[in-house]
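Below is one structure; the comments refer to it alone.
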Amino acid sequence: EDMLLYQGVIAFELFTDTKATDELVEIMRAGLKS
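So, in structure tokens, the structure goes:
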């Protein structure tokens, strides 16, 4: 699960050219669990 989350964060950074914040990671983690 964490690996999927990590890959999602990397992809987000690549596509948006922004650094993922801890807040964003928490949002993505919550999204994966729902």
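In terms of my numbering, the sequence shown is residues 306 to 339.
Each residue gets a CB set at the ideal place from its N, CA and C atoms; glycine is no exception.
I think L295 touches E306, with their Cβ atoms under 8 Å apart; what is that distance to the nearest whole Å? Any answer about residue 295 is impossible in this case: the structure gives the chain only from 306 up to 339.
So D322 is in the alpha helix (DSSP H); what residue range does that whole segment cover? Position 17 of the sequence shown, counting from 1, holds the residue named residue 322. Looking at the DSSP string, D322 is not in any alpha helix (DSSP H), and its letter there is neither H nor E.
Sequence-distant residues of its chain with Cβ nearer than 7 Å to M333 (five each side left out): On the sequence shown, position 28 is the one that residue 333 refers to. Same-chain partners within the cutoff: L310, G313, V314.
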